[in-house]
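Student: Anchor point for the sequence shown: position 135 equals 135 in UniProt numbering, and the numbering is continuous, going up by one each time. Built from N, CA and C at the ideal position, the CB exists for glycine as well. Sharing a structure, written as structure tokens. Questions coming.
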Amino acid sequence: MSATAVAIVGVAACSSSDDGDSSSATKTVTVEMTNDGCKVTPDKVDAGPITFEIKNTNAAAVSEVELLQDGKILAERENIAPGMAATSFSHKLDGGTYQLYCPGATTEKTTFTVTGTATRATGSVPDQLNAAAAEYKQYVITQANSLTTSTQNLVDAVDSGDLAAAKDAYIKARPYYERIEPIAGSFCANGASDCSTDKAVNLDVAIDARPDALGPGDTWQGFHVIEKQLWEAGNLDGMKPVAATVLTNVKDLQRLVNEPSFTIKPADIINGAGDLLDEVSTSKLTGEEEAYSHIDFVDMQANIEGSQQAFAIVKTALNEIDPQLTTTIQQAFDRVNSLIDSFRDPNGPGGFKPFNDVTEQQKREMATAIIAVKDPLSQAGGKIAAAS
């Protein structure tokens, strides 16, 4: 399940104005997570690119922050534990009233105001970024289509009672989801329009929840219910309806990303790339994601592939904005790829060593390499938001 997710949906449209407008400068808003609620400083800023710096000092009851407008999730960070290093996301916001939603706090929603109109940049870089957004949407659609096909194969194997085939289909389906996982967190399951008020879960929870990450009253469903039965119980008892529900939710995700109303902003692409690397840090490197099959490297590789694909799509434009930062990110990705390649095993499940064979030192090396990519990616988000 998503440890961090950023919604990649249409944010308020930015209209044209003088390029000299102060809205072109990136503003920083700090979000301090407490058990009483999330403190936002300042609580009013001018329209334009905004970076939200999020920190949980000691709020044990709160681990998630969502930016909402009219019930829609614009951005989200999850699994922000007390004492964890500050994290961030960047968005270009137009004037309006927004809310910072912190589930579990005494006061869960805090109003945040944006004034004025955001400047729309012009020229070659904005054009490249708009093209990148369209290209990334097509990438998401391709992965969602393949996920639907591979999940149907899993359902067929479960329905036939073939345990070995079901395990193989499970392993083959996972990468398609993991490459675009943050997208699922931006949609509510079962057609709900507002996950926070309709008592609905988002599609990431419906498709990919771990039992330790469920909220009060949530029903465990999704891929990992099947994983546990396949590898821990070693049979397919009771899995036909579970697999059918997974397919229903996957088809819902496929339908939603194919709709014309599903739009992606350039900064969302990089924010999503960072979210995928957060997934590696918070659930894959801990061994929590695939706790029964131990195919965490399969998921990890897919997270990295999805992140690197997002970076590749905006790379040309980012290189014009900040060539040194672009080079730094590419070199950091090269280091991560080299490390994960060292765990490949053609005889292992999914082509990797079982994750429970990895040493703590190897985990620390990978964690350090992931941070070396995440930090410059977070800088790129703000720069792209300002340029788009």
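Determine the direct distance from the alpha carbon of I340 to that of C38, and round the result to whole angstroms.
Tutor: Your numbering for residue 38 matches position 38 in the sequence shown. Your numbering for residue 340 matches position 340 in the sequence shown. Distance between the alpha carbons of C38 and I340 is about 37 Å.
Student: Let me check understanding here. Comparing Cα to Cα, which of I329, D357 and T328 lies closest to S342?
Tutor: Within the sequence shown, residue 342 is the residue found at index 342, counting from 1. Ranking I329, D357 and T328 by Cα distance to S342 puts D357 first.
Student: Could you give the distance in angstroms between the alpha-carbon of A189 and the alpha-carbon of K265?
Tutor: Numbered from 1 along the sequence shown, position 189 holds the residue referred to as residue 189. Numbered from 1 along the sequence shown, position 265 holds the residue referred to as residue 265. Looking at the two C-alpha atoms, the distance is approximately 23 Å.
Student: G161 to T248, Cα distance in whole Å?
Tutor: As a working mapping, residue 161 is identified with position 161 in the sequence shown. As a working mapping, residue 248 is identified with position 248 in the sequence shown. Looking at the two C-alpha atoms, the distance is approximately 20 Å.
Student: Find the nearest neighbour of Y177 within the set E279, K44 and S193, judged by alpha-carbon distance.
Tutor: Along the sequence shown, one-based indexing puts residue 177 at 177. Among E279, K44 and S193, the Cα nearest to that of Y177 is on E279.
Student: Starting from D46 and walking both ways along the beta strand (DSSP E), at which residues does that stretch end?
Tutor: By one-based count along the sequence shown, residue 46 stands at place 46. Segment K44 to D46, the beta strand (DSSP E) holding D46.
Student: When DSSP labels each residue in this structure, what does Q221 get in the three-state scheme?
Tutor: As a first step, residue 221 must be located in the sequence shown, where it is residue number 221. Reduced to three states, the DSSP call for Q221 is coil.
Student: Just the C-alpha distance for K363 and L285, rounded to the nearest angstrom, thanks.
Tutor: Counted from its first residue, the sequence shown places residue 363 at position 363. Counted from its first residue, the sequence shown places residue 285 at position 285. Looking at the two C-alpha atoms, the distance is approximately 6 Å.
Student: Taking the continuous beta strand (DSSP E) assigned at G93, which residues delimit it?
Tutor: By one-based count along the sequence shown, residue 93 stands at place 93. Before going on, a small fix: residue 93 reads as Leu here, not Gly. Unbroken beta strand (DSSP E) run through L93: T87 to L93.
Student: State the DSSP-derived secondary structure class of I80, mapped to helix, strand or coil.
Tutor: Here residue 80 is taken as the residue at index 80 of the sequence shown, counted from 1. I80: coil per DSSP, three-state reduction.
Student: Distance, Cα to Cα, G83 vs K137?
Tutor: Walking along the sequence shown from the start, residue 83 turns up at place 83. Walking along the sequence shown from the start, residue 137 turns up at place 137. Taking the straight line from one Cα to the other gives about 35 Å.
Student: Please confirm if the region 267 to 275 is in contact with the region 204 to 214, defined as three or more CB-CB distances below 8 Å between the two stretches.
Tutor: The region 267 to 275 is not in contact with the region 204 to 214.
Student: Which of helix, strand or coil does DSSP assign to I73?
Tutor: Within the sequence shown, residue 73 is the residue found at index 73, counting from 1. Of the three classes helix, strand and coil, the one that applies to I73 here is strand, per DSSP.
Student: Considering Q99, what are the terminal residues of the beta strand (DSSP E) in which it resides?
Tutor: The count along the sequence shown starts at 1 and reaches residue 99 at position 99. G96 to Y101 is the extent of the beta strand (DSSP E) around Q99.
Student: Would you call the region 138 to 157 and the region 251 to 259 in contact, with 3 or more CB pairs under 8 Å?
Tutor: With the cut-off at 8 Å, the region 138 to 157 and the region 251 to 259 touch.
Student: Quick one: grab the DSSP three-state call for T282.
Tutor: Residue numbering aside, residue 282 sits at position 282 when the sequence shown is read from its first letter. The answer is helix: DSSP assigns T282 an H, G or I state.
Student: Could you tell me if E227 is buried or exposed, where buried requires 16 or more neighbouring beta carbons within 10 angstroms of its beta carbon?
Tutor: Within the sequence shown, residue 227 is the residue found at index 227, counting from 1. By the 10 Å Cβ count, E227 comes out buried.
Student: Please indicate yes or no: does the CB of D36 lie closer than 8 Å to some heavy atom of the ligand FMN?
Tutor: Absence of the ligand FMN from the depicted structure is noted, as is the absence of any ligand whatsoever, leaving it without description.
Student: Which of helix, strand or coil does DSSP assign to P354?
Tutor: Taking the sequence shown and counting its residues from 1, one reaches residue 354 at position 354. Here P354 sits in coil by DSSP.
Student: Measuring alpha carbon to alpha carbon, tell me which of D252, A118 and I73 ends up nearest K109.
Tutor: What you label residue 109 is simply residue 109 of the sequence shown in a count that begins at 1. Considering only alpha carbons, the answer is I73.
Student: Which whole-angstrom value describes the C-beta separation of S90 and G382, a residue pair presumed to lie in contact below a C-beta threshold of 8 Å?
Tutor: One-based indexing of the sequence shown puts residue 90 at position 90. One-based indexing of the sequence shown puts residue 382 at position 382. At roughly 4 Å, the Cβ-Cβ gap stays under 8 Å, so S90 and G382 are in contact.
Student: For my contact list, I304 and A380 are in at a C-beta cut-off of 8 Å; report their separation, rounded to the angstrom.
Tutor: For the purposes of this step, residue 304 is taken as residue 304 along the sequence shown, with counting starting at 1. For the purposes of this step, residue 380 is taken as residue 380 along the sequence shown, with counting starting at 1. Wrong, their Cβ atoms sit about 16 Å apart, outside the cutoff.
Student: Since V114 is in the beta strand (DSSP E), which residue starts that stretch and which ends it?
Tutor: Along the sequence shown, read from residue 1 onward, the residue named residue 114 stands at position 114. Here the beta strand (DSSP E) through V114 covers K109 to T115.
Student: Nearest by alpha-carbon distance to H294: which of D94, F223 and W231 is it?
Tutor: Mapped onto the sequence shown, residue 294 falls at position 294. If we check each option's Cα against that of H294, W231 comes out closest.
Student: Leaving out five residues on either side along the sequence, give the residues of the same chain with a beta carbon under 7 Å from the beta carbon of G95.
Tutor: Locating residue 95 in the sequence shown gives position 95, counting from the first residue. Cβ neighbours of G95 beyond the five flanking positions: A47, V114, T115, G116 and T117.
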